[in-house]
Amino acid sequence: MNSEPISIFWFRRDLRLEDNAGLHHALKSKYPVLPLFIFDTEILDKLENRQDARVEFIQKTVSEIAQKLKKNGSALLVKTGNPEVVFGEVLQEYNVQEVYVNHDYEPYACQRDEHIESLLSAKNIPFFTFKDQVIFEKAEVVKEDSKPYSVYTPYRKKWEATLKPFHLKAYPVLKYTQHFLKTEPLPFPDLKSLGFEPAGIKFPSAKPDVEIIRQYEKHRDFPALEGTTRLGLHLRFGTISIRKLVAFALKENAVFLSELIWREFFMQILYHFPEVETQAFKPAYDNIKWRNNEAEFQRWCKGKTGFPLVDAGMRQMNETGFMHNRVRMVTASFLVKHLLIDWRWGEAYFAEKLLDYDLAANNGNWQWVTGCGCDAAPYFRIFNPESQLKKFDSKLEYVKKWLPELGSTAYPKPMVEHAFARERCLAAYKKGLAEK
Ligand code: FAD
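Taking my numbering, the leading residue of the sequence shown gets -11, the next gets one more, and so forth.
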């Protein structure tokens, strides 16, 4: 065992060496800090796609962090395995006095952290945790009676009223770099040794584009334009600081800010109502009899429904890991309402494919589209994929980009007739909702 007493900072959804609350506090502790990253086999082993671009993104980002630390004469400890087993090893190898992390809110992460905390507490090692991923967490923005909000607009108003300059204060890291443990570089796994291969996807930049944010409401609904920031991936893995982004949004664009508040709205919904992970927020919607036709689901997944906006969106996601928000709404609505397939099937498919996949946002938005979520659109509002196409991609620029065969005999005929599907959906919803 290395006898020098140290603190560990464990990186998770906060992969950056700037404005990082937990890392900042670790560096201010009395022990030198050894940062740790764990490639969690509980997650990696479940991924069927061995070209998962998210694993590649994490490996690339963590390797950049390791390079920066190396320049500083310090190192990143990288381990692969079950986090509890890994912590057991780390405690054998190093004289760990304290462990620092940032809060992670998804149900799996909460359970994992509980186990690590009790493992550490059995050895009298404190586990210090900090808020970093959001401006407001857990029960920080609740109603006057302390109950959680389930409607977005009052939540947003309270969120804005609660915000003070203090909440946007940065937690510097670079000025404390001398407090990292000085050590030789430690081994670093390449993608291949993790069992993965490059996906060949170009990752978006983590730098917010000022012009996109300034013009946000003008361009954001048109999928052919570069009208949204593509920061979802960076918010997911913490390669951008939410405090910095909110400070920027406050200055530049209130509509853009309100999207960042939607993100926190769905996070607090998952925190207060963890059952939404598997159940409808409005339980009556779990009585709807879904058709769940496997062959039809496969056509949707592959982008072969015969509805250009739906197909272009699915192919954009299959090829790049990104789908434009307007098109996410249309594809999701088509699956649930036109094909009457359980929203959980679509949610799981998006979870497999999206680079910016986030349990709270994905689940919240799928339930919103279905009508079963909090503050959801009324169920009888059914998107017409053809009129959405006319409205948001009238020159067919977006759909032609993703559907080279559009207009030829190779492009499939619509798999269902819109008016028929609409009536079938309304009947199924009505019947399900009438059941006790
Ligand atoms: P921008 O428009 O530039 O917005 C900036 C950021 O604000 C986003 O990165 C995101 O963090 C947040 N944001 C924007 N809209 C929403 C929203 N409706 N709900 C929550 N946060 C929002 N977003 C995810 O981050 N992960 C998901 O897994 C996800 N799944 C979705 C599934 C469906 C069916 C739908 C309709 C939407 C989903 N969204 C999800 C929300 C939204 O589509 C994406 O956040 C957005 O398209 C990401 O692109 P961007 O980074 O360019 O966003």
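Using N, Cα and C, we set each Cβ at its ideal position, and we do this for glycine too.
beta-carbon residue i near the ligand FAD non-hydrogen atom, thresh 8 Å
i	result
Ile329	no
Val198	no
Asn112	no
Ala339	yes
Leu3	no
Gly334	yes
Asn60	no
Asp120	no
Leu238	no
Phe191	no
Phe371	no
Trp354	yes
Asn350	yes
Arg144	no
Asp346	yes
Arg303	no
Thr308	no
Asn313	yes
Trp250	yes
Arg231	no
Arg316	yes
Option in the options with minimal Cα separation from residue i
i	options	result
Pro429	Ile123, Leu343 and Leu179	This structure cannot speak to residue 429, because the chain is shown only from -11 to 424.
Ser(-5)	Glu77, Pro366, Glu185 and Lys18	Lys18
Arg100	Ala268, Glu30, Phe261 and Thr397	Glu30
Leu179	Arg42, Met317, Tyr345 and Lys126	Arg42
Pro271	Ala422, Phe45, Leu11 and Ala9	Ala422
Phe269	Trp278, Asn280 and Ile257	Ile257
Val318	Asp299, Tyr140 and Leu24	Asp299
Ala398	Leu213, Leu377, Lys292 and Asp209	Lys292
Asn280	Val50, Ala416 and Asn8	Ala416
Glu284	Pro402, Leu22, Pro(-7) and His12	Pro402
Val21	His12, Asp28 and Ile249	His12
Phe380	Ala348, Gln304, Pro142 and His312	His312
Pro177	Glu72, Leu64 and Asn306	Leu64
Exposed unless 16 or more other CB atoms sit within 10 angstroms - verdict on residue i
i	result
Leu3	buried
Thr217	buried
Ala14	buried
Pro175	exposed
Glu36	exposed
His103	exposed
Asp7	buried
Ala187	buried
Asp344	buried
Proximity of residue i and residue j at Cβ, strictly below 9 Å
i	j	result
Val315	Gly301	yes
Lys228	Gly215	The amino acid at residue 228 is misidentified as Lys; the sequence shows Ile. Contact: no.
Tyr88	Trp147	no
Leu223	Arg251	yes
Gly420	Leu342	no
Gly352	Gly361	yes
Arg1	Asp133	no
Leu233	Ser62	no
His406	Glu374	yes
Lys131	Tyr259	no
Val404	His326	yes
Leu32	Phe184	yes
Ala364	Phe338	no
heavy atom of the ligand ZN below 8 Å from residue i C-beta
i	result
Val357	This structure lacks the ligand ZN; the ligands present are the ligand FAD.
Would you say the region 78 to 96 touches the region 183 to 197, given that touching needs at least three Cβ pairs under 8 Å?
no
For the pair the region 66 to 74 and the region 349 to 369, tell me if three or more CB-CB distances fall below 8 Å.
no
Pair every Cβ in the region 330 to 350 with every Cβ in the region 408 to 423, then say whether three or more of these pairs are closer than 8 Å.
no
Decide if the region 49 to 61 is in contact with the region 167 to 174; the criterion is three or more beta carbon pairs, one per stretch, under 8 Å apart.
yes
Would you check if there are 3 or more beta carbon pairs closer than 8 Å linking the region 238 to 256 to the region 136 to 151?
yes
Determine contact between the region 135 to 147 and the region 112 to 121, defined as no fewer than three beta-carbon pairs at a distance below 8 Å.
no
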